[in-house]
Each structure stands twice: as structure tokens, then as C-alpha cells.
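Numbering (the numbering used here), first residue to last: 99 to 242.
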């Protein structure tokens, strides 16, 4: 159906950081794809990137699934962004890989619960939006 992306941080100084810009760019690209009706049919995914700041940091590391609502057909995810990624030149790649991970985790969840989810269509959309390739096509020692 759709994919929602949001950023949560208590620090206003992170607005122009590479990670914030990468997440914002992906969200804009997804909004454009949504308006062009290019998103796969099926459940909605909701991803919140939690950025560490001076005043507040996520209480966990990595990614966690926040639950599923049958009524709205939405699966929620939260991703705690590591501090080292905030100013990284690889922020775009990181955001693309997080989204691919969300899709894989969503596929596992929906498969276990017998809910239709077109994982291939989602992956192809992300590859197109982020100019990335499937992980098995990267050359050895590329660092990705």
C-alpha cells in the first residue's frame, strides 16, 4: 500500500546533517513514487529513524519492530541510528540498506502470519529510488 518514513530527534542541530538529508531525500522520493502509484499493493510499512542527540538517545541499538495493526494493516519499525552515521559520507547507502532490511523483516513477519506481501516489488522499488543494487551484485571488498 504505502511506506511512511519519519525522523525522531530531540536535537535541532541535526537538521543539515548527512543522515537527516538522506532520510528526507528518501521520504521525498517515496512520496513522489506514491503520487505516481508506483508503490506495491499490500500492507503499509511505517519506519521511524531515531537520531541520537545531545539531550536524548534511543534506548536500544539496531532495529525493532513496533507492532502490527490489523485494522489499518500497518507494520511499524524503529531504527536507532548510530552516532557515527550522523555525519557519515555513506548516509545515503546506510538509509538504503536500512530500508532493504525493513523490507526483509516485513517479509518474514507477513510470511509467518500468512499476509500477502510482494517482497520483490518492494526491493525493486527501493533499488530504483536509491540507485542501489541487490547485495549479491556488489563487488567483493566494496564495503557494502
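Think of the CB as a built atom: it goes at the ideal place given N, C-alpha and C, for glycine as much as any other residue.
* **Where residue 124 sits in the DSSP three-state scheme** => In the structure shown, residue 124 falls within a helical segment according to DSSP collapsed to helix, strand and coil.
* To do: Find the nearest neighbour of residue 119 within the set 135, 139, 140 and 147, judged by alpha-carbon distance.
  => Shortest Cα-Cα distance from residue 119 to any of 135, 139, 140 and 147 involves 147.
* Could you check which residue in 192, 163, 103 and 174 has the C-alpha nearest to that of residue 180? => Relative to residue 180, the option among 192, 163, 103 and 174 whose CA is nearest is 192.
* What runs of the beta strand (DSSP E), each 3 residues or longer, lie entirely inside the stretch 182-231? -> Uninterrupted beta strand (DSSP E) stretches at least 3 residues long and entirely within the stretch 182-231 do not occur.
* Asked: Are the beta-carbon atoms belonging to residue 141 and residue 186 less than 8 Å from one another?
  -> No, these two residues do not count as a Cβ contact at 8 Å.
* Asked: Pairing CB atoms from the stretch 156-168 with CB atoms from the stretch 120-136, are three or more of them under 8 Å?
  -> Verdict: no, contact absent.
* To do: Report the rounded CA-to-CA distance for residue 110 versus residue 104, giving the unit in angstroms.
  => Separation of residue 110 and residue 104 (C-alpha to C-alpha, rounded to the nearest whole angstrom) is 15 Å.
* Hey, residue 145 and residue 200: beta-carbon distance below 8 Å or not? -> With contacts defined as CB atoms closer than 8 Å, residue 145 and residue 200 qualify as a contacting pair.
* To the nearest angstrom, report how far apart residue 100 and residue 132 are at their CA atoms. => A direct Cα-to-Cα measurement between residue 100 and residue 132 gives close to 7 Å.
* Asked: Along the chain, where does the beta strand (DSSP E) that runs through residue 176 open and close?
  -> Where residue 176 is concerned, the enclosing beta strand (DSSP E) starts and stops at 172-178.
* Please check the pair residue 204 and residue 137, which I expect to be a contact at CB under 8 Å, by giving their CB distance rounded to whole angstroms. => Separation of the CB atoms of residue 204 and residue 137 is rounded to 13 Å, and the pair is thereby denied contact status at 8 Å.
* residue 151 beta carbon less than 8 Å from that of residue 112 -> Yes; because the gap between Cβ atoms is below 8 Å, this pair is in contact.
* Asked: How would you write the range of the beta strand (DSSP E) that residue 142 sits in, first residue to last?
  -> Start and end: 142-148.
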